[in-house]
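Asks: FYI, the working numbering numbers position 10 of the sequence shown as 17, with every residue one higher than the one before it.
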Amino acid sequence: KSKKQNKKQQQLKNDGGNHSGDATNNNDNNGNGPASYGTLLPVCTGMSMALVLSGLRDRANQLGKLANQHDATTTNNDDNNNNNDDSSPTPTTPERNIVLWSRIDQKSCYKAIISAGLTCIVLPTTTHPTTDEVSTDLDALQAALDKYSHRILAVITTTSCFCPRVPDEVDRVARLIQGWNSQHCHNGNSDEDNTNKRRAGIAHVINHAYGLQCTQTNKLLNRACTIGRVDAIICSTDKNFLVPVGGALILSPNDQVIACISKNYPGRASASPVVDLFITLLSMGLSGYKGILEERRRLVDVFRVKFDALAKKFGERLLDCPRNTISFGITLDNLVIGTDDETKKNVQITKFGSMLFTRCISGTRVVPTKETKTISGHTFQGFGSSYDDYPHSYMTAACAVGMGEEEMMEFFERLERCWREYVGKREKEEVRKRLTQMEIKES
Numbered sequence: 008k009s010k011k012q013n014k015k016q017q018q019l020k021n022d023g024g025n026h027s028g029d030a031t032n033n034n035d036n037n038g039n040g041p042a043s044y045g046t047l048l049p050v051c052t053g054m055s056m057a058l059v060l061s062g063l064r065d066r067a068n069q070l071g072k073l074a075n076q077h078d079a080t081t082t083n084n085d086d087n088n089n090n091n092d093d094s095s096p097t098p099t100t101p102e103r104n105i106v107l108w109s110r111i112d113q114k115s116c117y118k119a120i121i122s123a124g125l126t127c128i129v130l131p132t133t134t135h136p137t138t139d140e141v142s143t144d145l146d147a148l149q150a151a152l153d154k155y156s157h158r159i160l161a162v163i164t165t166t167s168c169f170c171p172r173v174p175d176e177v178d179r180v181a182r183l184i185q186g187w188n189s190q191h192c193h194n195g196n197s198d199e200d201n202t203n204k205r206r207a208g209i210a211h212v213i214n215h216a217y218g219l220q221c222t223q224t225n226k227l228l229n230r231a232c233t234i235g236r237v238d239a240i241i242c243s244t245d246k247n248f249l250v251p252v253g254g255a256l257i258l259s260p261n262d263q264v265i266a267c268i269s270k271n272y273p274g275r276a277s278a279s280p281v282v283d284l285f286i287t288l289l290s291m292g293l294s295g296y297k298g299i300l301e302e303r304r305r306l307v308d309v310f311r312v313k314f315d316a317l318a319k320k321f322g323e324r325l326l327d328c329p330r331n332t333i334s335f336g337i338t339l340d341n342l343v344i345g346t347d348d349e350t351k352k353n354v355q356i357t358k359f360g361s362m363l364f365t366r367c368i369s370g371t372r373v374v375p376t377k378e379t380k381t382i383s384g385h386t387f388q389g390f391g392s393s394y395d396d397y398p399h400s401y402m403t404a405a406c407a408v409g410m411g412e413e414e415m416m417e418f419f420e421r422l423e424r425c426w427r428e429y430v431g432k433r434e435k436e437e438v439r440k441r442l443t444q445m446e447i448k449e450s
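1) With which residues is LYS380 paired in a DSSP beta bridge?
2) For TYR217, tell me which candidate among LEU442, TYR429, PRO101, GLY409 has the shortest Cα-Cα distance.
3) Return yes when the C-beta of ASN214 is under 7 Å from any heavy atom of the ligand NAP, and no when it is not.
4) DSSP state of TYR429, grouped into three classes?
5) Quick check: the Cα distance between VAL307 and SER277, rounded to an integer number of angstroms?
6) So, is PRO280 buried or exposed, given that buried needs 16 or more other C-beta atoms within 10 angstroms?
7) Give me the residue from LYS380, ASP348, CYS192 with the minimum Cα distance to ALA74.
8) What first and last residue would you give for the beta strand (DSSP E) that runs through LEU306?
9) I'd like to check one pair, GLU378 with PHE390: are the Cβ atoms closer than 8 Å?
10) Contact defined as beta carbons within less than 8 Å: I believe SER55 pairs with ILE257. What is the distance between those atoms, to the nearest angstrom?
11) So, THR166 versus VAL177, is the Cβ gap smaller than 8 Å?
12) If you draw a straight line from the alpha carbon of ILE128 to that of ARG172, how long is it in whole angstroms?
13) Alpha carbon to alpha carbon, what distance is there between PRO49 and ARG110?
14) State whether the stretch 323-341 contacts the stretch 145-152, with contact taken as three or more CB pairs (one from each stretch) at a distance under 8 Å.
15) Quick check on the DSSP output: what are the complete alpha helix (DSSP H) runs of length 4 or more inside the stretch 190-268, in order along the chain?
16) Should LYS204 go down as buried or exposed, given a rule of 16 or more other Cβ atoms within 10 Å for buried?
17) Would you call ASP29 buried or exposed, if buried means 16 or more other Cβ atoms sit within 10 Å of its Cβ?
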């Protein structure tokens, strides 16, 4: 076995890199898990996404160049194919400049793709037939893979998102990408051709911003890394480790992917994100960090029950999204009365959201129906819900790491007090309108 491994490593070295690790994940690493390699970048999650995509693009171009040179040599083609500039793909390699993005209505990820100089294809989501969940549309992904083919650099999925969006089915996506790469990423005419898997293939990047605190999602990631294609996992330090904003962990099953991303970082940066994380981990220790994760798991059920009870007091209900165990939502369908005009309803719902903010009820997100927003030329219908025509107005709140039970109870007390204040103002406004109408009729 040792001789075979040494022979394989020498062959890969002679070919210019670990090409077999591009078509399928290289899980035979020396770490302790499926994604054992990583680096810490001193920038936020969005900028880290742009750096990851830039690194993957450079890597794809380099591997494409090497594959073309190998093919040209073995088929006795014109040697001029070997003299092209390494900074760009050869004419026989389509430029990989398209990113397929499973829609998640958070601006930073979309802007990161555009900032990297790539074209973003927004994949639609689908609603679950028996719950309120919004999730991955695997059929749309398959259609996009077939349509854009070798022009695709990467597929971006998300595992940490606001309710009703639930984590993408990253294990099924990883298997789908790996299957597509196995079928398409080769030039040989025979299945036994050793050059079949020399090209980079389509990469899979997972936005795992605050998902490290969720055991269920981490298990999903481990499965994805084991059964399919995963190139990079991006995690925010502030959302997972209680440190100031400004750092991100990049994890991967492939050490060469991490090396390529690290080399692509331009210039210098502050060491504060690294020092902050180092100090925090030292102060908490492994047992301390496990303790706050366990506390969050304990509070999740309490949070869900309290949120549901509060919603019922005002004629609303908890959104049924069982696969999202961090962000929870309640409907706001009965918040506005006396008008059927969608625009007026949305104005009042947005006003409720502003009341929450000014009364220091932070962390909430109020989303009206049928809102539109244009970002870098692309218009999102139903922005906020990650779905074009979501049937409910709603608000979300998260049971995240670092929140204690006392803080949670204070949150619900303030939320109920603010809600009652809004209802009182709404009722007074309705009475005022009726009196005005009566006065007009009498006059």
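Where is the CB? At the ideal position from N, CA and C, for every residue including glycine.
Being a predicted model, the structure only gives us computed values, none of them experimental.
Replies: In short, the structure shows the following:
1) Numbered from 1 along the sequence shown, position 373 holds the residue referred to as residue 380. According to DSSP, which records beta bridges pairwise, LYS380 is partnered with PHE387.
2) Here the question's residue 217 lines up with position 210 in the sequence shown. Nearest C-alpha to TYR217: GLY409.
3) This structure simply doesn't include the ligand NAP, nor any ligand for that matter.
4) Within the sequence shown, the letter at position 422 stands for residue 429. In this structure, TYR429 counts as helix in the three-state DSSP scheme.
5) The residue labelled residue 307 in the question sits at position 300 within the sequence shown. The residue labelled residue 277 in the question sits at position 270 within the sequence shown. If you take the alpha carbons of VAL307 and SER277, they lie about 36 Å apart.
6) Position 273 of the sequence shown holds residue 280. It is buried - the Cβ of PRO280 has at least 16 other Cβ atoms within 10 Å.
7) In the sequence shown, residue 74 corresponds to position 67, counting from 1. When each option's Cα is compared against that of ALA74, the closest is CYS192.
8) Indexing the sequence shown from 1 puts residue 306 at position 299. Not the beta strand (DSSP E): LEU306 falls in the alpha helix (DSSP H), residues 279-320.
9) Position 383 of the sequence shown, counting from 1, holds the residue named residue 390. Position 371 of the sequence shown, counting from 1, holds the residue named residue 378. A contact, by the Cβ cut-off of 8 Å.
10) Indexing the sequence shown from 1 puts residue 55 at position 48. Indexing the sequence shown from 1 puts residue 257 at position 250. Indeed, because the Cβ distance is near 6 Å, the residues count as touching under 8 Å.
11) Locating residue 166 in the sequence shown gives position 159, where the first residue counts as 1. Locating residue 177 in the sequence shown gives position 170, where the first residue counts as 1. Yes, the pair counts as a contact, with Cβ atoms nearer than the cut-off.
12) Here residue 128 corresponds to residue number 121 of the sequence shown, with the count starting at 1. Here residue 172 corresponds to residue number 165 of the sequence shown, with the count starting at 1. Cα-Cα distance, rounded: 19 Å.
13) One-based indexing of the sequence shown puts residue 110 at position 103. One-based indexing of the sequence shown puts residue 49 at position 42. In a straight line, the C-alpha of ARG110 is about 26 Å away from that of PRO49.
14) no
15) 222-234, 244-248
16) The residue you call residue 204 lines up with position 197 of the sequence shown. Residue placement at LYS204 is poorly supported in this model, since its pLDDT is 46, which falls under 50; the coordinates still yield a value, given next. Answer is buried; the Cβ neighbour count reaches 16.
17) What you label residue 29 is simply residue 22 of the sequence shown in a count that begins at 1. Annotation note: pLDDT 47 at ASP29 (below 50); position unreliable, coordinate value reported separately. Buried, since its Cβ has 16 or more Cβ neighbours within 10 Å.
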